[in-house]
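Data block below; observations after.
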Amino acid sequence: MAKGTYTNKAAQSVAEFRGEIEPSPVTSEKGKSGRPSKGKVHKISLSIPVELYDGVEFASYFFRGNITAYINSLIRRDLERNLDKYQEFRTMMEEMNRTL
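Count along the sequence shown starting at 1, add 451, and that's the number in the working numbering.
Here is the structure:
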């Protein structure tokens, strides 16, 4: 059992109401609960074929079991390797659409 004297919250409220004790200071600012934010994100729904899901789940163990972190790492690696190609392709498609 904890040492010290603790007052019951209800008894403290009654004593404050009667003016027997000073009201306890009210803290208006609460700390955020939950996981810390990693910045702004755009949430999407993602469908993974059943035959690939077991592999995705297993590979996510290297990211502390976080499937989102695993998928983000795959996307980041692909974009680092191929973003220039994707932008070039987009430019070609836009030019084709303008000439039609």
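Where is the CB? At the ideal position from N, CA and C, for every residue including glycine.
Take the alpha-carbon of residue 467 and the one of residue 457: they are about 15 Å apart. C-alpha of residue 533 to C-alpha of residue 526: approximately 10 Å in a straight line.
For residue 503, the uninterrupted alpha helix (DSSP H) segment begins and ends at 501-510. Boundaries of the alpha helix (DSSP H) around residue 521: 518-550. By the neighbour-count definition (other C-beta atoms within 10 Å, threshold 16), residue 521 is a buried residue.
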